[in-house]
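Take a look at the structure below.
In my numbering, the protein residues as written are 85 to 220.
Written as structure tokens, this is what we have:
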């Protein structure tokens, strides 16, 4: 795990701009899952409203989907977060300047800057809820 880092306003704006572009490509579910023998990571993309670029409001987030995963994870960095929730995972990945976060197997948090190399699954393939918050 990398040491804690703080975002500057400029870094936030750059991250928001590139994340907004990625978010326009796909909008999907944010529930963690397992699908048969193939795990599916649910990814959260960081997006921002125009006001965030001016510093008027904090960035907002949206789910961008349910994706296949393998032993060589699509998002390569596992975070030690207990209890694990969608929001705690998202915040940890953002703090470390990763563009995407994923919850998997109800209690894992993964971070990375690229996603989708194993393909997309239907939202119905993401039935698991987070152990720490059954609403997520």
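Ideal placement from N, C-alpha and C gives every residue a C-beta, glycine not left out.
How far does the beta strand (DSSP E) with residue 184 in it reach, from first residue to last?
By one-based count along the chain shown, residue 184 stands at place 100. Note, residue 184: beta strand (DSSP E), 184-188.
Measure the alpha-carbon distance for residue 199 versus residue 205 and round it to whole angstroms.
Along the chain shown, one-based indexing puts residue 199 at 115. Along the chain shown, one-based indexing puts residue 205 at 121. If I take the Cα positions, the gap works out to 13 Å.
Using alpha carbons as the reference points, say which of 174, 147, 149 lies closest to residue 192.
For this step, residue 192 is matched to residue 108 along the chain shown. The shortest Cα separation from residue 192 among 174, 147, 149 belongs to 174.
By a C-beta neighbour count over all protein chains shown, 10 Å radius and 16 as the cutoff for buried, is residue 154 buried or exposed?
Mapped onto the chain shown, residue 154 falls at position 70. Exposed, since its Cβ has fewer than 16 Cβ neighbours within 10 Å.
Could you tell me the distance, in whole angstroms, from the CA atom of residue 150 to the CA atom of residue 209?
In the chain shown, residue 150 corresponds to position 66, counting from 1. In the chain shown, residue 209 corresponds to position 125, counting from 1. Roughly 7 Å separates the two Cα atoms.
Thinking C-beta only, is residue 203 closer than 8 Å to residue 184?
Your numbering for residue 184 matches position 100 in the chain shown. Your numbering for residue 203 matches position 119 in the chain shown. Contact: no.
For residue 188 and residue 160, what's the separation of their Cα atoms in angstroms?
Position 104 of the chain shown, counted from the first residue, corresponds to residue 188. Position 76 of the chain shown, counted from the first residue, corresponds to residue 160. Their Cα atoms are separated by approximately 12 Å.
Tell me the residue span of the beta strand (DSSP E) that contains residue 193.
Indexing the chain shown from 1 puts residue 193 at position 109. First-last of the beta strand (DSSP E) with residue 193: 192-196.
Which residues share a DSSP beta bridge with residue 176?
Position 92 of the chain shown, counted from the start, is the residue given in the question as residue 176. None; residue 176 has no bridge partner.
Using a Cβ-Cβ cut-off of 8 Å (strictly less than) and excluding sequence neighbours within five positions of residue 111, which residues of its own chain qualify?
Stepping through the chain shown from its first residue, residue 111 is reached at position 27. Low local confidence applies: a pLDDT of 28 at residue 111 is under 50, so the model's placement there is unreliable, with the coordinate-based value given in what follows. Once the five neighbours on either side are set aside, the close Cβ partners of residue 111 are 146, 147, 148, 149.
By DSSP's criteria, residue 204 is part of a beta bridge. Which residues make up the other side?
Position 120 of the chain shown, counted from the first residue, corresponds to residue 204. 151.
Whole angstroms are fine: how far does the CA of residue 181 sit from the CA of residue 158?
On the chain shown, residue 158 is found 74 positions in, with the first residue counted as 1. On the chain shown, residue 181 is found 97 positions in, with the first residue counted as 1. Spanning the two alpha carbons is a distance of roughly 17 Å.
Could you tell me the boundaries of the beta strand (DSSP E) in which residue 162 lies?
Along the chain shown, read from residue 1 onward, the residue named residue 162 stands at position 78. Counting along the chain, the beta strand (DSSP E) containing residue 162 begins and ends at 161-163.
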